[in-house]
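These notes are about the structure you will find just below.
Residue numbers (mature numbering (1 follows the signal peptide of the UniProt record, and there is no 0)): -23 to -1, 1 to 1098.
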């Protein structure tokens, strides 16, 4: 199944990459007509074909006799067969180009115009160099009368008197030309440089796209806003090559993990740097607590965004120095435009449901398996026809039992509303956006709400001074629920709904109260999830302010000074109360928690820019300085044993027992100087030199400062003289870059010695003292990543098709790692810079305007692969990293030089032992209860005849995909538009730890329905091993939990209609969207795009208690006033 899934997706991906090339041919091959008549005119046949298809006929008066009667007998025939019949024996010929059918007297004649009485115009269309433009559209403005130019750029068209011709072609500016008294026209089209010279935002400035020497991806607002998303980072999924987006949780406002060209660190952060309108975003995190938190980026409204640029290579990112190693995402928000004030409303409403429910055993099936396991293990059966225990009802009374997933899941509403006001004069422009977003979770008692207001103002104070201000105020308030947990009484709601036996009722039939906990036959415990979705209080709030102001001084021609100041402040709280109806609340007589976090960052940047062009030399020089101050304050309190649940989390002092309060404060400073030189020679030789020096308070006294340089060059080959006659190549640029960036994403005070408080029993009394909390390291410094990138940009047919390819190699040195030290130091580890790892990969992007007629089709396809490997960690002994589940005894990934990061080193299963011979040939396991016919066998790696985890484990899985891809298609016909977005991943494995509970063929918890196909005497060929009461621990430490996570997903489909004209409105568009519509995968869990262990590079691809993703259907409207 694993290889079949990957092979199927690869074949489908190959088909996708070829499909746009075959579009025109496919239409003619797949469009059929049935016409049977002996008395039709040629004109009537043409009309019938146009009415039943997208074909359009082009002809001159003298090219065809439209009134000639013809006989047509065609049943499900292609259009060419019909035309062959009606023109047989005549000198009329036809030519089919896509959906256009050109009729002529001469087989080699040029494409000509529609029949129409009036003035006949002939002409030729040329480009700026005098070359003919083939296939240019010539239309009489305001009518459907038109033609296209022939192979020589020539055309003939009959038009009305006083007509205006509109000439257009991909890659050129559209031209309107009055005909007047002329009968012959020579038309010169100018190249539309927008695609080539589009302004792209880069670090501390903007550049022409044609002048870029680095690797930069771009996503525009219209792409983001077609999706029903709570945060803009979700909108990046599959849109840019080399950018991998993984949902840590499918909950409303859940955290998203983004990797740009792989992860560079083992213990430090791997998230990119986010910069909004020039200011780094660092604050805004949730307050923490015992459950999952919100995504800090979800405080920002996606509707505020104009564009996002993703900086990937060193030429683009080194300007951010010690924060650029993981890539940089530059976000530009919408700003005011000169002109009449406009008001726009964008809104939608819809509903969501769980995209996939897991098929679990019903009560009867579960009881039969448990009894079967009891017999296997020599125990009395648990379920009989005479039982009266409410936890173990009589078999005859079981039936289907309780479907616990149905008890926690729901169909949930989602809605979004944005009102924007935009306008201004020549001197002052403004953009104001007010928004509200509300999303209820598909799990009951969970939701996410955001209210925000953004105000951007640009003012020209004088001829030499400009002022730009931005202010965003937002509040997020959400109910999150118990999303996390590690089994047992502390499990998550999702886990409990799957593992809770269906034989157990929601309420105890003897008391009418909730069945709070089920003591399973396998000695495990699972709490009732229903009280959590009905009574748990878990409210999180984040208030955030983003403010900035820029003063730009135009000193002399080409020289500007920009002085900027900004602040990012957030105040987050989390209030939790677990009442006595819940399992934990019942045992503690109520539990209340208060969590808080106040984060703030303040920045000042001063940037001097000089731009000058002298002849064939263009120079852009930028130098600047930056100061960033960050501060965080946290606090937490927990109380329990309440006399009543009525207090909730509002009065912690009502609790009789208190945990020790915790508070903390940290601050850090980053001081920087930076510069960049861009030099362009003859508009074809491009050079960029960048440097940044950073000084950070986070690092040791001996390594406070570091310098991060980069060098890049590019050659626009299409500007060379020898390319002059290759006019089908519009753009050809080869570029290369090398540079160094850093990663300083570690907690403050990691280098100096910290003092902690400790408690000591002295004379029977607990005393508090202060002692050293860590081993200092004055040599601590940032991780350093050196990046080499080689790329090519190609545009052909006037940039109708564009292709980009990049190969990169990244090597990260001075990895931050906790090294073991002798216990005589008083500590177990110390944080040091040691070791290295690499990432290397290939990125391909292709975009094309496949069809440009009345029916338009634009397609964008990206594909990327990244391979990483740990190079060295001196003194380190390879071992498993961390624990995923303590109660299951499932450990984390395996870290070893020479291997990729995140791989799993486990036992390898060798199939169910079905016969006596298979049992005799298998290696023996330590626990004889799991070493019988019907049990699982394992590969004896060292060949000693017995299975030992330490000796026989091997690499059995890798969470890193072979490649990822995204495919976007935009179609339009008249006033209709359709967009389809597909993304996928191939070759990644998933550590499905949930299988350790639901597929273990054990009485530890309810099992997947597929476990019914297990080994029994009557079913010796069953897929799964025989049933037990207890768990085969070897299965929990084997590839039994590893699955192929390859998938292809139709992520978004949007169909819209724009009304041509509404008298009292500026514009009106309605649309319908389906989100997460279809997923093709062999993965058995809720979602193959899973990363439930958060953003750690060491625990990628783990699925344990993951919140399922939702499928959404929405209706929306865009109204312009």
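Backbone N, C-alpha and C fix where the C-beta goes; we use that ideal spot for every residue, glycine too.
- With contact defined as three or more Cβ pairs closer than 8 Å, the segment 532 to 547 and the segment 574 to 581 are in contact.
- With contacts defined as CB atoms closer than 8 Å, residue 650 and residue 588 fail to qualify as a contacting pair.
- Leaving aside the five residues that flank residue 1090 on each side, the residues in its chain whose CB is nearer than 7 Å to its CB run, in chain order, 327, 328 and 1051.
- Shown here, residue 683 sits in a strand according to DSSP, grouped into three states.
- Beta-bridge analysis with DSSP links residue 944 to 838 and 959.
- Taking residue 141 as the centre and dropping the five residues before and after it, the same chain places the C-beta of 118, 153 and 155 closer than 6 Å to its C-beta, in chain order.
- Restricting attention to 818, 682, 770 and 747, the CA atom closest to the CA of residue 755 is found in 682.
- Distance from the CA of residue 734 to the CA of residue 883, rounded to the nearest whole angstrom, comes to 40 Å.
- Residues of the same chain with a CB within less than 6 Å of the CB of residue 165, apart from the 5 flanking positions on each side, are 103 in chain order.
- Note that the segment 1075 to 1083 touches the segment 862 to 873; at least 3 beta-carbon pairs, one per stretch, sit closer than 8 Å.
- The beta carbon of residue 1027 sits closer than 6 Å to the beta carbons of 959, 1054 and 1055 from its chain, once the five residues preceding and following it are set aside; these are given in chain order.
- For the segment 608 to 659, the full-length beta strand (DSSP E) segments reaching 3 residues or more read 632 to 635 and 639 to 658 along the chain.
- In this structure, residue 177 and residue 252 do not form a Cβ contact; the two beta carbons are roughly 14 Å apart against a cut-off of 8 Å.
- Secondary structure of residue 279 (DSSP, three-state): helix.
- In the DSSP annotation of this structure, the continuous segment of the alpha helix (DSSP H) that includes residue 897 starts and ends at 893 to 898.
- With at least 16 other beta carbons inside 10 angstroms of its own, residue 572 counts as buried.
- In summary, residue 373 is exposed, with fewer than 16 beta-carbon neighbours lying within 10 Å of its beta-carbon over all protein chains present.
- Annotation: the continuous alpha helix (DSSP H) that includes residue 381 extends over 381 to 385.
- Around the beta carbon of residue 370, 16 or more other beta carbons sit within 10 angstroms, so the residue counts as buried.
- Along the segment 399 to 449, the beta strand (DSSP E) occurs as fully enclosed runs of 3 or more residues at 405 to 417 and 424 to 437, listed in sequence order.
- Within 10 angstroms of the beta-carbon of residue 816 lie 16 or more other beta-carbons, which makes it buried.
- Contact between residue 12 and residue 22 holds, with the beta-carbon distance rounding to 7 Å and staying under 8 Å.
- Nearest Cα to residue 228 within the set 399, 451 and 460: 460.
- Comparing alpha-carbon positions, the option among 468, 1046 and 989 lying closest to residue 322 turns out to be 1046.
- When Cβ pairs closer than 8 Å are counted between the two stretches, the segment 379 to 398 is seen not to touch the segment 232 to 250, the count staying below three.
- By DSSP's assignment, residue 488 forms no beta bridge with any residue.
- Contact check between the segment 668 to 677 and the segment 651 to 660: three or more CB pairs, one atom from each, fall below 8 Å, which counts as touching.
- Nearest neighbour of residue 135 by Cα position, chosen from 993, 123 and 97, turns out to be 97.
- The beta carbon of residue 245 sits closer than 7 Å to the beta carbons of 720, 722, 723, 760 and 793 from its chain, once the five residues preceding and following it are set aside; these are given in chain order.
- Comparing alpha-carbon positions, the option among 347, 297 and 285 lying closest to residue 684 turns out to be 297.
- Separation of residue 953 and residue 969 (C-alpha to C-alpha, rounded to the nearest whole angstrom) is 43 Å.
- In this structure, the straight-line span from the alpha carbon of residue 226 to that of residue 934 is close to 22 Å.
- In the three-state DSSP reduction, residue 43 falls in the coil class, being neither helix nor strand.
- Ranked by how close their Cα comes to the Cα of residue 770, the residues 211, 191 and 254 have 191 in first place.
- Per the C-alpha coordinates, the member of 1034, 656 and 644 positioned closest to residue 673 is 644.
- The Cβ-Cβ distance between residue 10 and residue 26 falls below 8 Å.
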